[in-house]
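If you read the sequence shown in our numbering, its first letter stands for residue 1, the second for the next number, and so on. In this text, a Cβ means the ideal position worked out from N, Cα and C, and glycines have one as well. Note that the coordinates shown come from a computational prediction; the quantities given were computed from them, not determined experimentally. Below is one structure; the comments refer to it alone.
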Amino acid sequence: MGKARSGSSVPDVLEAIRAQARTIMDAHGLTDWTFVFDRAVRRAGVTRFDRKVISLSAPLMRTYTEAGAHDQVRETILHEVAHALAGPRHNHDATWRAIARRIGSTGLRTVAPDAPTIETDWVGTCPAGHTMTRHRRPSGIGSCSRCSPRFDDRYLLTWTYRGTQLADVGTRVRVTAPGRWTGAVGTVHRVAQTRYHVVVSGAGRLLTVPFEHAEPV
Ligand SMILES: [Zn+2]
Ligand SMILES: [Zn+2]
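Here you go:
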């Protein structure tokens, strides 16, 4: 029963975390702040002061929960609530740390080293925060097999490579690799296994740029 029905419990884990976050946020006066989930795989949470939003990684919160690391979920919420209370200029300074500890966080600036992580090169996430991992670039689009055994466009996977969402063919990227082409902007011509092929006008040739050394512009 449990396994076959896991799909039906999909929203519950995240909804419980959403409710937990909402309760903690409200208790600390953040009633006009919004809580959302995102699909980050390399960072647990982020506080966006301009829009008064606290955003937590659905894949990581699900991973923590499935590993029984409920303290880590709570710690992530408290960490971001402390940022919201401290204000934008404090980052992880003494003011932030004092607030964090007062509200029950450890006050550590980074996630505990023993917390579960998602470290595979290719990670696909669905809207419910399920994660699929691959060691090689997936071919074609796919949908989450835990949400639906058949292809279903309500559960499309978004793939990231080492935590970064890839640029599409035809979009523009800036080269960040050190060297002659640093800062050059070009158009993605092809997305290969680990690199983009980028057409840079003026370069007179195609550059091959590792994914981690190009950023969307
Ligand atoms: Zn922080
Ligand atoms: Zn799913």
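Opposing strand residues paired with residue i [DSSP bridges]
i       : result
Ser-55  : Val-36, Val-46
Trp-122 : Arg-134, Tyr-161
His-197 : Arg-190, Thr-208
Leu-156 : Ser-143
Arg-172 : Thr-187
Closer than 6 Å: residue i CB and nearest ligand 2 heavy atom
i       : result
Ala-177 : no
Ala-58  : no
Three-way DSSP call (helix, strand, coil) for residue i in this model
i       : result
His-83  : helix
Leu-30  : coil
Ala-214 : strand
Thr-182 : coil
Arg-109 : coil
His-70  : helix
Arg-102 : helix
Check: residue i C-beta below 6 Å from any heavy atom of ligand 4
i       : result
Arg-205 : With respect to ligand 4, the structure offers nothing, as its ligand set consists of ligand 1 and ligand 2.
Short Cβ contact (7 Å threshold) for residue i with residue j
i       : j       : result
Gly-186 : Val-200 : yes
Pro-59  : Thr-125 : yes
Ala-82  : Ser-55  : no
Cys-144 : His-135 : no
Closer than 5 Å between the C-beta and any heavy atom of ligand 2: which residues qualify, listed along the chain? Cys-126, Ala-128, His-130, Cys-144, Arg-146, Cys-147
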